[in-house]
Each structure stands twice: as structure tokens, then as C-alpha cells.
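Enquirer: Okay, handing you the structure first.
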Amino acid sequence: MALVALPIISDDRFLIDRFGRYFLFAIFALSVDLIWGYGGMFTFGHAVFFGGGGYIVGMLTTRGGWFLPVPFWLALAAAVAAAALLALALSYFVFSGKGALRGVEFAVVTLAVAVIAERLANAGGSISGGQNGILMQSRLGVPGVISLHRGYGFYALTGLLLVATYFGLKWFLRTRSGLVLRGVRENEDRIDLLGYEVPLVKRRTFVLSGALAGLAGALFYVHEGIVSPGTVGVGASTLVLLWVVLGGRGTLLGPIIGAILLPHLTASLSGTLLDTWLVVVGVILVAVIVLFPAGIFGFLTRPRKA
Amino acid sequence: MSVLVIDGLTKTFRGFTAVDDVSLRIDQGELRGLIGSNGAGKSTLLHLIYGKLEADQGTIRFDETDVSRLPAHLRARRGMGLVFQLTSVFDELTVEENLLLGALPKKPRARLPVDREEVERILHLVELDDVRHRHASQLSHGRQQWLEIGIVLLAKPKLLLLDEPTSGMTRAESRRTAELLKQLQASRATEAIIVVEHNIEFIRLVSDRVTVMHRGQVLADGTIDEVQANHEVQASFLGRLH
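Chains as they are written, first to last, in numbering that gives the first Met the number 0: chain F, 0 to 305; chain D, 0 to 241.
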């Protein structure tokens with residue numbers, strides 16, 4: 000409710016804009032929670048999809064030649080499709096056959112993918128912009144009709160997307176596929192021996208998750224105006240895990256809380272505690288994780304003894 | 000008619016033959032006990048039957064089809080249901096959700112409705128009506144084992160395989176499990192049942208026929224009394240049967 004009321008009670012456009020960014024973080028966090036919190040697939044490389052979404056939009060809208068550049072909304076659709084395709088290719092590689100990976104092995108592969116993606120982005124020359132990345136030229140909105148690039152418009156766009164993602168995932172998790180996915184998280188062998196096709200369940204979820212992260216990332220980096228190699232790397236991939244852990248893995252509201260709270264805390268403290276803010280944020284993070292292992296939302300909704 | 004026909008099954012691990020030229024036939028309506036000392040090869044045989052392991056030689060025909068090279072999930076889809084020795088339920092799902100996972104169609108695009116009445120019937124059969132909304136992790140070991148049997152039953156297996164189902168159970172729970180298996184056999188809930196067990200008293204309660212394994216081979220086959228009278232069985236591990 001407070002988030003819905005924010006644009007009404009505050010006329011601080013910078014703050015409203017900032018919350019719009021957090022909403023895209025929240026979608027990214029939900030995409031990770033879907034595969035990790037609900038599917039038990041721990042990933043160290045999901046920024047490949049988030050940052051990758053930004054790169055695809057950047058390349059398709061700023062580069063020339065052949066059919067390029069393309070209009071922003073077309074590039075956005077291509078970014079989502081590319082993220083989904085990358086997720087599909089990766090999931091075929093890691094989840095299929097007798098050598099299907101799970102647990103730490105899967106996490107290590109995703110880590111390697113993130114490292115490779117960052118190196119490729121760095122070495123991509125004029126295609127990826129190398130170390131400098133790509134300066135975006137597109138703006139969110141429909142030129143001459145409506146601008147959704149900053150302020151209230153951006154807040155409304157990202158807020159609506161977050162709400163749609165939240166309810167979409169809530170619906171998905173209540174379907175048969177959602178129940179089977181939670182079954183995979185709890186006991187993959189049992190699911191397999193009941194006759195379900197575990198690789199298919201994982202692939203579908205991974206593709207959905209990759210597409211969601213790609214969508215959020217594409218919008219985020221267009222809004223930011225730049226996408227650079229660090230956005231597809233291990234650092235960005237680890238940060239989203241912190242949001243999910245902080246808020247509560249395996250819940251839908253938890254990752255949203257984490258993805259708003261931690262970046263907001265970081266942004267607020269870095270403005271006031273110039274030298275020590277990183278230490279303070281680290282201490283708070285460790286304290287929360289130690290005191291509430293199930294995350295903030297997981298703690299608030301834990302089953303209580305009668 | 001035979002539900003399962005195993006012919007010349009052999010499995011070797013780095014020079015050690017865990018299952019050595021085993022042939023076995025399980026008929027419709029049968030509840031077969033599979034016994035043997037530790038390392039006799041009975042668990043390996045079970046793994047070969049449901050597909051966790053692939054045999055080096057020999058064939059497994061299930062429901063008149065050669066399933067020797069099928070992966071485990073496809074054997075399950077054809078009607079093999081396994082209950083693990085260590086309970087294997089979905090801890091953080093409710094009892095009802097656990098059972099639903101047994102009842103849901105397993106083929107990717109199958110949109111068949113879930114038989115809710117059957118779920119209710121099994122919930123009642125395994126005596127878990129009172130805890131249907133509790134997480135599986137909150138149940139006792141014995142009740143978790145019954146829940147697992149319920150999950151597997153809802154997948155409508157033709158052949159139910161149980162790996163030491165009474166392991167870790169109290170005497171009362173073991174007795175109730177024996178009653179449950181006899182009930183399943185009498186009601187023809189599955190076409191055949193194989194129980195791998197150490198607990199000879201349990202086997203005596205449930206099995207029509209017993210197969211004894213020793214050093215990877217079938218040592219004897221018959222009723223529990225016939226098996227106990229067998230000299231080879233007596234020589235190998237008679238003490239364990241009393």
C-alpha cells in the first residue's frame with residue numbers, strides 16, 4: 000500500500016524514479032527465486048540474462064548496418080526472446096541426459112557462464128563496446144505520445160510489470176507445473192521415480208526465469224542509459240542472491256522486499272556514511288541472515304507453535 | 000500371467016559381481032519377499048529392476064515389454080512404483096500436496112483431471128486424514144513411510160517395489176504396514192508387490208513366497224517354511240532367519 004501511495008505522498012521525483020528501478024530489481028529477484036527458491040536450482044550467473052537483456056537492446060538500437068538499428072520495442076521483444084533462447088540452450092546442456100547437473104555442479108557451471116559472459120562483453124570490440132559498454136540512445140515510452148523513461152511514468156510502468164510478474168508467478172506456482180516444480184526442489188529423485196520428466200520441468204522454469212530477467216534487465220539498462228561488462232558478471236549475479244536471501248527464498252513477497260530494502264539501504268547510507276556505509280550494510284546483512292535464516296518475509300510468515 | 004520376468008541379470012562393479020545371473024518371475028497377485036544378508040545383492044537387484052542401475056547382461060521384461068534399457072522415469076510411467084528404504088517424501092509440502100504429486104498425470108502434455116476421490120480414499124487408507132494440511136516433515140518416520148506408499152499408490156503402479164519398508168519403524172508401525180500390504184494385495188490395488196527386507200518376522204506376515212539371495216545369486220525360492228528348511232540357506236545364514 001505504501002508503495003502504491005508513494006507517488007501521491009511524495010513529490011520527490013528522484014525517490015520515485017529510484018523506486019521504479021527497485022521494482023525492476025524485484026522482477027530480477029523473482030526470476031532468481033523462481034528457479035532457486037521454488038525449483039532448488041542455485042545459480043551464480045543469472046545476471047547473464049539481466050545484463051544480457053540490456054546488451055541485446057543496446058546492440059539492436061545503437062548499431063548500424065543490415066537491418067539495424069531497430070525500434071526500441073522490437074529490440075525489447077528480441078532481448079526477451081534472446082534471454083529465453085540462451086536459457087533454453089544452457090538448460091539443454093546442463094539438465095539433459097545421464098550427466099544432468101544439479102546442486103553445486105549446476106552452480107559452478109552458471110558461475111563459469113557469468114565469467115565467460117563478462118569476458119566476452121569486455122572483448123566484444125565495437126559490437127559490445129568493450130570495457131566502456133554501450134551508451135543507450137532509446138528512451139522508454141512512445142515517442143511523441145508518452146514518456147515512461149523517468150519519474151511517475153517509469154514508476155507506473157515498472158510497478159505494473161512487477162504486479163503482473165507477482166500475480167503471474169503466484170498463478171503459475173498454483174498450477175500442476177508449479178506443484179511439480181516444488182516437488183523437484185524437495186526431492187528430485189522421488190519426482191523422477193514417479194514418472195515425471197525432471198529435465199523438462201527444469202528447462203521450462205529456467206526459460207521462464209531467463210526471459211523474466213531479460214525483460215527486467217533490458218528496461219533497467221535503457222533507463223540507466225548504459226550497459227557495461229560488469230552487468231553480466233558474477234558480482235551482479237551475487238547481488239541478486241543477497242536480495243533473495245534477505246527477503247526470504249521460496250516466497251514471492253520476500254525477494255521483492257529484499258530487492259527494495261537492500262538497494263534502498265545502500266543508497267541511503269552511502270549518502271550519509273561516506274566512508275563506512277559498506278561496512279554498516281555488510282553488518283546489517285550478516286545480522287539479518289544469522290537472525291532470520293529464512294529471510295525477513297520467511298521469518299514473519301513462519302509457522303508458529305500453538 | 001507374469002508381471003515381471005528377469006532373465007540372466009548380471010551387474011558388476013569394478014570386478015565385484017553384485018548380481019550374478021539372476022532369473023526371477025513375479026506373477027500377478029503375488030507378494031514376493033526378497034531376503035538375504037548384507038551384501039547379498041538384493042538392493043542392487045531392486046535398483047536394476049526400477050532403473051537406477053543398468054544391467055551389464057540379462058533382460059527385464061515388465062508387463063510383457065522389455066524395459067532393460069529404459070530410464071527410471073519411463074519405467075515408472077509404465078507402472079513401476081518404488082518406496083525407498085529411507086523415506087522419500089516432499090518435506091516442505093503438505094500431506095495433501097504430496098499425494099497430489101502421486102496422482103497428477105506424468106506425461107508432459109496430459110491434461111487429465113486428478114481423481115480427487117481416489118486421493119481421499121488413499122489418504123484414508125494410509126490413515127493420514129487428520130494431518131492432511133501438515134508438512135510431511137512434521138510426521139513421524141512411520142507415517143512418512145505410509146505417506147510415501149500413498150504417493151506411489153496414487154501413481155497406480157502395476158508393480159509395487161518396497162525397499163526395507165519397516166526400517167526404523169516401531170513394532171506397531173511394522174504390524175500396521177504388514178496389514179496395509181496385505182490389504183493392497185487383497186484389493187488388487189497393484190498387480191504384484193516385491194518387498195526387500197531384513198525383518199524376517201515382517202516377511203513371514205506378508206509374503207506368499209520368498210526369494211533368498213546370497214553373494215549375488217538366487218540361493219533358494221519358496222514359502223518361508225520351505226526356505227527355512229533349505230540346507231543351503233541354513234548353511235549360509237540360517238541363524239538370521241530365527
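Positions of the beta carbon are idealized from the N, C-alpha and C atoms, including for glycine.
#1: Would you mind telling me which residues of chain D sit closer than 7 angstroms to F:Tyr-185, beta carbon to beta carbon, in chain order?
#2: Just list the residues that DSSP pairs D:Met-212 with in beta bridges.
#3: Is F:Leu-94 helix, strand or coil by DSSP?
#4: Is there a Cβ from chain D that is less than 8 angstroms from the Cβ of F:Asp-191?
#5: Is the Cβ-Cβ distance between D:Thr-43 and D:Ala-17 less than 8 angstroms?
#6: Comparing the C-beta of F:Asp-10 with each C-beta of chain D, is any distance below 8 angstroms?
#7: CA-CA distance, F:Phe-153 and F:Glu-185?
#8: Could you compute how far the alpha carbon of D:Gln-144 sits from the alpha carbon of D:Pro-164?
#9: Let me confirm a value: F:Trp-72 is counted as buried when at least 16 other C-beta atoms fall within 10 Å, else exposed. Which label applies?
#10: Taking DSSP's pairing of strands, which residues face D:Leu-56 in a bridge?
#11: Report the neighbours of D:Glu-196 on chain F: residues whose CB is nearer than 8 angstroms to its CB, in chain order.
#12: Listed from N- to C-terminal order along the chain, which residues in the segment 101-134 of chain D have their beta-carbon within a distance smaller than 7 angstroms of any beta-carbon of chain F?
#13: In angstroms, rounded to a whole number, what distance separates the CA positions of F:Gly-253 and F:Leu-2?
#14: Kindly indicate the opening and closing residues of the beta strand (DSSP E) around D:Gly-80.
#15: Is the CB-CB distance between D:Leu-92 and F:Gly-182 below 8 angstroms?
#16: What does DSSP give as the partner residues of D:Thr-93 in its beta bridges?
#17: Can F:Val-231 and F:Val-107 be called in contact, C-beta distance under 8 angstroms?
#18: Is it buried or exposed, F:Trp-65, if we count other Cβ atoms within 10 angstroms and call 16 or more buried?
#19: If we define contact as Cβ-Cβ less than 8 angstroms, is F:Glu-196 a contact residue for chain D?
#20: Buried or exposed: F:Phe-24, going by 16 or more other Cβ atoms within 10 Å of its Cβ?
#21: Helix, strand or coil: how does DSSP classify F:Thr-250 here?
#22: What in chain D is Cβ-close to F:Val-179, meaning under 8 angstroms?
#23: Identify the contact partners of D:His-72 in chain F, using a Cβ-Cβ distance below 9 angstroms as the criterion.
#24: Pick helix, strand or coil for D:Phe-15, following the three-state DSSP scheme.
#25: Cutting at 6 angstroms between CB atoms, please list the residues of its own chain near F:Tyr-54, excluding the five before and the five after it.
#26: So is F:Trp-242 buried or exposed if we call it buried at 16+ other beta carbons inside 10 Å?
#27: Considering D:Asp-128, what are the terminal residues of the beta strand (DSSP E) in which it resides?
#28: For D:Asp-20, collect the residues of the same chain with a Cβ closer than 6 angstroms to its Cβ; drop the 5 residues on either side in sequence, then sort them by chain order.
#29: Would you mind telling me which residues of chain D sit closer than 8 angstroms to F:Arg-248, beta carbon to beta carbon, in chain order?
#30: Grouping DSSP H, G and I as helix and E and B as strand, with all else coil, what is F:Gly-128?
#31: Tell me the rounded alpha-carbon separation between F:Thr-265 and F:Val-280.
#32: Would you mind sorting F:Val-141 into buried or exposed? The rule is 16 or more other CB atoms within 10 Å of its CB.
#33: Is the distance from the Cβ of F:Leu-89 to the Cβ of F:Ala-77 below 8 angstroms?
#34: By Cβ distance, which residues of its chain are closer than 6 angstroms to F:Lys-304, with the 5 residues on each side in sequence left out?
#35: At which residues does the alpha helix (DSSP H) containing F:Asp-191 begin and terminate?
#36: Can you tell me the Cα-Cα spacing of F:Ser-9 and F:Ile-115, whole angstroms?
Expert: Reading it off the structure:
#1: If you number the first sequence from 1, residue 185 of chain F lands on position 186. Looking at the sequence shown, residue 185 of chain F is not Tyr but Glu. The answer, in chain order, is Phe-89, Asp-90, Glu-91, Leu-92.
#2: What you label residue 212 of chain D is simply residue 213 of the second sequence in a count that begins at 1. Answer by DSSP bridge pairing, in chain order: D:Gly-35, D:Val-217.
#3: On the first sequence, residue 94 of chain F is found 95 positions in, with the first residue counted as 1. Note that residue 94 of chain F is Phe in the sequence shown, not Leu. Of the three classes helix, strand and coil, the one that applies to F:Phe-94 here is helix, per DSSP.
#4: Your numbering for residue 191 of chain F matches position 192 in the first sequence. With 8 angstroms as the cut-off, F:Asp-191 counts as an interface residue toward chain D.
#5: Residue mapping note: residue 43 of chain D aligns to position 44 of the second sequence, counting from 1. Residue mapping note: residue 17 of chain D aligns to position 18 of the second sequence, counting from 1. Yes, they are a contact pair.
#6: One-based indexing of the first sequence puts residue 10 of chain F at position 11. False, the Cβ-Cβ gap to chain D never drops below 8 angstroms.
#7: Here residue 153 of chain F corresponds to residue number 154 of the first sequence, with the count starting at 1. Here residue 185 of chain F corresponds to residue number 186 of the first sequence, with the count starting at 1. Their Cα atoms are separated by approximately 38 angstroms.
#8: Position 145 of the second sequence holds residue 144 of chain D. Position 165 of the second sequence holds residue 164 of chain D. Looking at the two C-alpha atoms, the distance is approximately 7 angstroms.
#9: In the first sequence, residue 72 of chain F corresponds to position 73, counting from 1. So F:Trp-72 counts as exposed.
#10: Looking up residue 56 of chain D in the second sequence gives position 57. The identity of residue 56 of chain D in the sequence shown is Gln, whereas the question assumes Leu. Answer is D:Thr-9, bridged to D:Gln-56.
#11: Counted from its first residue, the second sequence places residue 196 of chain D at position 197. Here the premise fails: no neighbours, minimum Cβ distance about 20 angstroms.
#12: Gly-101, Leu-103, Lys-105, Pro-107
#13: Here residue 253 of chain F refers to the residue found at position 254 of the first sequence. Here residue 2 of chain F refers to the residue found at position 3 of the first sequence. Going from the Cα of F:Gly-253 to the Cα of F:Leu-2 covers about 15 angstroms.
#14: Stepping through the second sequence from its first residue, residue 80 of chain D is reached at position 81. Run containing D:Gly-80: 79-82, per the beta strand (DSSP E) assignment.
#15: Walking along the second sequence from the start, residue 92 of chain D turns up at place 93. Walking along the first sequence from the start, residue 182 of chain F turns up at place 183. Yes. Within cutoff.
#16: Position 94 of the second sequence, counted from the first residue, corresponds to residue 93 of chain D. According to DSSP, D:Thr-93 bridges with D:His-134.
#17: The residue given as residue 231 of chain F occupies position 232 in the first sequence. The residue given as residue 107 of chain F occupies position 108 in the first sequence. Contact: no.
#18: By 1-based counting over the first sequence, the position of residue 65 of chain F is 66. Exposed, by the Cβ-count rule.
#19: Here residue 196 of chain F is taken as the residue at index 197 of the first sequence, counted from 1. For F:Glu-196, the answer is yes, since a Cβ of chain D falls inside 8 angstroms of its Cβ.
#20: Locating residue 24 of chain F in the first sequence gives position 25, counting from the first residue. With 16 or more Cβ atoms within 10 Å of its Cβ, F:Phe-24 is classed as buried.
#21: Counted from its first residue, the first sequence places residue 250 of chain F at position 251. Coil at F:Thr-250, not helix or strand.
#22: In the first sequence, the residue the question calls residue 179 of chain F occupies position 180. Those within 8 angstroms of F:Val-179 in chain D are Leu-100, Leu-103.
#23: As a first step, residue 72 of chain D must be located in the second sequence, where it is residue number 73. By Cβ distance, chain F contributes Ile-190, Asp-191, Leu-192, Leu-193, Gly-194, Tyr-195, Glu-196, Val-197.
#24: What you label residue 15 of chain D is simply residue 16 of the second sequence in a count that begins at 1. Reduced to three states, the DSSP call for D:Phe-15 is strand.
#25: As a working note, residue 54 of chain F is residue 55 in the first sequence. Closer than 6 angstroms at the Cβ level, and outside the excluded window around F:Tyr-54, lie Val-226.
#26: Numbered from 1 along the first sequence, position 243 holds the residue referred to as residue 242 of chain F. Answer is buried; the Cβ neighbour count reaches 16.
#27: Here the question's residue 128 of chain D lines up with position 129 in the second sequence. Per DSSP, D:Asp-128 belongs to no beta strand (DSSP E) and is neither H nor E.
#28: Position 21 of the second sequence, counted from the start, is the residue given in the question as residue 20 of chain D. Taken in chain order, the residues that qualify are Gly-7, Thr-9.
#29: For the purposes of this step, residue 248 of chain F is identified with residue 249 of the first sequence, where counting begins at 1. Those do not exist, as F:Arg-248 stays about 12 angstroms from chain D at its closest Cβ, beyond 8 angstroms.
#30: Walking along the first sequence from the start, residue 128 of chain F turns up at place 129. Coil, per DSSP.
#31: Here residue 265 of chain F refers to the residue found at position 266 when the first sequence is read from its first residue. Here residue 280 of chain F refers to the residue found at position 281 when the first sequence is read from its first residue. Between F:Thr-265 and F:Val-280, the C-alpha separation is close to 7 angstroms.
#32: The residue given as residue 141 of chain F occupies position 142 in the first sequence. Burial call: exposed.
#33: Indexing the first sequence from 1 puts residue 89 of chain F at position 90. Indexing the first sequence from 1 puts residue 77 of chain F at position 78. It is not a contact, given that the beta carbons lie outside the stated cut-off.
#34: As a first step, residue 304 of chain F is located in the first sequence; it is residue number 305 there, counting from the start. Any reading at F:Lys-304 needs caution, since the residue's pLDDT is 47, under 50, leaving its predicted position unreliable; the model's value is listed next. Correct list: empty, nothing qualifies.
#35: Position 192 of the first sequence, counted from the start, is the residue given in the question as residue 191 of chain F. 187-192 is the extent of the alpha helix (DSSP H) around F:Asp-191.
#36: Taking the first residue of the first sequence as position 1, residue 9 of chain F is located at position 10. Taking the first residue of the first sequence as position 1, residue 115 of chain F is located at position 116. Those two C-alpha atoms are separated by around 43 angstroms.
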